[in-house]
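All letters in the sequence shown, in the order written, are residues 678 to 1132 by my numbering.
Yeah, the Cβ is synthetic: ideal placement off N, Cα and C, and Gly gets one too.
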Amino acid sequence: MISDEEVVVWLCDEATDLLEEGVGMGTLEQMLERVSLECRRRALERLVQHAAEQQALNCPRCRKALHVEEHGRARKVNSTYGLIRFTRSYGFCPDCGVYHYPADVTLGLQERAPASPRVQEICALTALRAPACQVQTDVRRLTGIDLDPSSLHREARRQGERAMALREADVALSRTREGVVELAARACTPAAPFTLVMEIDAWNIRERDNWGLSQRLREAGADTGRWHWVYTGTVFRLDQRGTTASGRPVIAERGYVATRTGLDGFQPQLYTEALQRGLLQAEHVLILADGAIWIWNLVADRFPSATQRVDLYHVKEHLWELASELFGQGTEQAKAWVTPYLNWLEHRKDGALDVIEGLQGLRTTLDRFTLAQQEALEREIGYFDTHQHRMDYKTGKALGQPVGSGAVESTCNQYQRRFKLPGQFWSLEGDEAFLALATLHRNNRWHQLFPHDSA
Ligand SMILES: [Zn+2]
């Protein structure tokens, strides 16, 4: 057995051989990494081989014994220490009708993919920050791994597809009674009654059809890009909301949903996330969003007993726009007209009704307005009429609840910082995988993809 001290002496000796005068500490750090790299690679190779030999030859799906086809089938894997070679057994499961390599499953290796779990994780993490072509150099600097951008992208996307599969498995649970109980049991909820808050919004992602043909299509004058909605939601307990020392609002822990699979995809995902955040245990559920009608249809359908609230700032904008339309943008008259309306809305119990009454009162003076102004007035009366039961801001404030959907708006901004870079297009299949990966990361479920993360 050699001692730590002997290892230290060996490392120093190896490094000193490479030493030049005037060397910086960064160089020394890199040197120690390099001289011990081959030892670590060989140690990992040996441990992996050992693990493969210990592996029971059962079907990873149904656990039944496999009909072994071959012992000692070779595989190569790219690890953070370099190329690893090992051999393992594989066999056929007659029940599932599939060939399996049980050691690969246990080790966390994916079929026909060269990356070790740590390399998979590095690709996934960096792809969340920036496009592969931009992070390649930094990955090499930080980890010493040299991955070309397409390998990095491909590996990250594979992890995104795994994230999608995990998400789908949870959504499938939400469709059965036992599954709902299982999802609800994951919620970490306080003993005291609590309010669950959900905020919903949407933003656009830019996609491109006909990959590879875009040059020709552009020359033909065709638009190769296309905008697609990403429906987004965030879920948190009211008691998890607080402020930083500088007064900035923060939410200690919350769930996220983001998908471009349409409302049919979004609705069950939001429900699944809400179950895992305490939907069934909550005494009270509050949903905030802007006035978009698809949101409120979804809420009525899926969360019928929740309190609904339209974002106060959107509503105020409606009043300001009407004031500009009727009395001129930025005029004293517009400001004088709108001020009492804003006050009623925010501070009176039935402020929305007062607003509607006030607006209806303007109808008696219609001869003062142009046709366009009259239409704007009627449109806003309709808007307040539709949403008045979602405008009880006074009660909301008294209960310490949010009156705006700022939390989901900041969520959308955070996604857009990665998914809406200038000149960036997403492929139809690729973007959902990366959205699922980004969302799993935000939801603190990284360990589901990379079990070593919880170690
Ligand atoms: Zn099986």
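Beta-carbon proximity check, residue i vs residue j, cutoff 9 angstroms
| i | j | result |
| --- | --- | --- |
| Thr-872 | Leu-963 | yes |
| Glu-838 | Ala-792 | no |
| Gln-958 | Thr-853 | no |
| Glu-1086 | Arg-937 | no |
| Phe-1127 | Gly-821 | no |
| Pro-737 | Thr-704 | no |
| Ala-1075 | Val-874 | no |
| Ile-1033 | Phe-1061 | yes |
| Ile-877 | Leu-956 | no |
| Arg-835 | Ala-790 | yes |
| Trp-973 | Arg-1045 | no |
| Glu-722 | Pro-870 | no |
| Val-912 | Thr-920 | no |
| Ala-1053 | Glu-1009 | no |
Member of the options whose CA lies at the smallest distance from the CA of residue i
| i | options | result |
| --- | --- | --- |
| Arg-918 | Tyr-908, Ala-929 and Val-775 | Ala-929 |
| Thr-1063 | Thr-1016, Arg-986 and Trp-880 | Arg-986 |
| Lys-993 | Leu-975, Gln-707 and Ala-1029 | Ala-1029 |
| His-991 | Gln-944, Glu-1057 and Gly-1007 | Glu-1057 |
| Asp-825 | Arg-818, Thr-803, Gln-813 and Lys-753 | Gln-813 |
| Phe-1111 | Arg-1067, Ile-882, Leu-760 and Pro-945 | Ile-882 |
| Thr-1072 | Glu-706, Ala-1115, Trp-1021 and Leu-1117 | Trp-1021 |
| Arg-863 | Glu-722, Glu-855 and Thr-984 | Glu-855 |
| Gly-1035 | Glu-715, Lys-1097, Ala-1000 and Asp-916 | Ala-1000 |
| Gln-1065 | Asp-1031, Thr-1041, Leu-1048 and Asn-1090 | Asp-1031 |
| Thr-1116 | Ser-1131, Asp-681 and Gln-1093 | Gln-1093 |
| Glu-747 | Gln-731, Tyr-776, Gln-1010 and Ser-982 | Tyr-776 |
| Phe-980 | Gly-1007, Gln-1091 and Pro-945 | Pro-945 |
| Gly-1077 | Ser-1131, Met-678, Asp-916 and Thr-1042 | Asp-916 |
For residue j and residue i, the rounded distance between their alpha carbons
| i | j | result |
| --- | --- | --- |
| Arg-740 | Cys-770 | 9 angstroms |
| Leu-1039 | Gly-924 | 41 angstroms |
| Leu-688 | Leu-724 | 22 angstroms |
| Trp-888 | Trp-904 | In this predicted model, Trp-888 has a pLDDT of only 48, less than 50, meaning its place in the structure is not dependable enough to derive any value. |
| Asp-823 | Ala-807 | 17 angstroms |
| Arg-1122 | Asp-772 | 32 angstroms |
| Asp-694 | Arg-719 | 22 angstroms |
| Ala-692 | Met-841 | 45 angstroms |
| Arg-1119 | Gly-932 | 8 angstroms |
| Arg-817 | Arg-914 | 41 angstroms |
| Leu-696 | Val-685 | 16 angstroms |
| His-1129 | Ser-756 | 14 angstroms |
| Ile-761 | Ser-1082 | 50 angstroms |
| Ser-827 | Gly-759 | 19 angstroms |
| Ala-922 | Lys-1026 | 32 angstroms |
| Glu-706 | Val-712 | 10 angstroms |
| His-1124 | Glu-798 | 10 angstroms |
| Val-796 | Gln-787 | 12 angstroms |
| Asp-815 | Lys-1097 | 21 angstroms |
| Cys-1089 | Ser-680 | 54 angstroms |
| Met-702 | Ala-868 | 53 angstroms |
| Gln-1091 | Val-857 | 30 angstroms |
| Gly-1059 | Gly-1107 | 41 angstroms |
| Pro-794 | Gly-774 | 27 angstroms |
| Lys-753 | Gln-732 | 18 angstroms |
| Glu-1055 | Ser-982 | 30 angstroms |
Residues of its chain near residue i, where Cβ-Cβ distance is below 8 angstroms and the 5 sequence neighbours each way are ignored
| i | result |
| --- | --- |
| Leu-860 | Asp-847, Leu-850, Ser-851, Thr-949, Leu-952 and Gln-953 |
| Gln-726 | Phe-763 and Thr-764 |
| Val-745 | Leu-734, Ser-766, Tyr-767 and Gly-768 |
| Leu-659 | Outside the shown range of the chain (678 to 1132) lies residue 659, about which nothing can therefore be said. |
| Leu-619 | Nothing about residue 619 can be read from this structure; the chain reaches only from 678 to 1132. |
| Lys-1012 | Ala-1000 |
Chain-order list of residues whose beta-carbon lies under 6 angstroms from that of residue i (same chain, five-residue window excluded)
| i | result |
| --- | --- |
| Leu-947 | Gly-910 and Val-934 |
| Leu-829 | Cys-800 and Ala-809 |
| Arg-1095 | none |
| Tyr-1070 | Leu-989, Glu-1023 and Val-1080 |
| Ala-969 | none |
| Asp-967 | Asp-988 and His-991 |
| Ala-1113 | Gly-837, Ala-840, Met-841 and Arg-844 |
| Ala-804 | Ala-833 |
| Ala-729 | Phe-763, Arg-765 and Ala-780 |
| Val-700 | none |
Chain-order list of residues whose beta-carbon lies under 7 angstroms from that of residue i (same chain, five-residue window excluded)
| i | result |
| --- | --- |
| Leu-996 | Val-1015, Tyr-1018 and Leu-1019 |
| Asn-735 | Lys-741, Ala-742, Leu-743 and Pro-779 |
| Glu-683 | none |
| Tyr-908 | Ala-879, Thr-936, Leu-940 and Phe-943 |
| Gln-1050 | Glu-1002 and Leu-1003 |
Residues around ligand 1, please: the ones whose beta-carbon is closer than 6 angstroms to some heavy atom of it, in chain order.
Taking each Cβ in turn, the ones that pass are Cys-736, Arg-738, Cys-739, Lys-741, Cys-770, Asp-772 and Cys-773.
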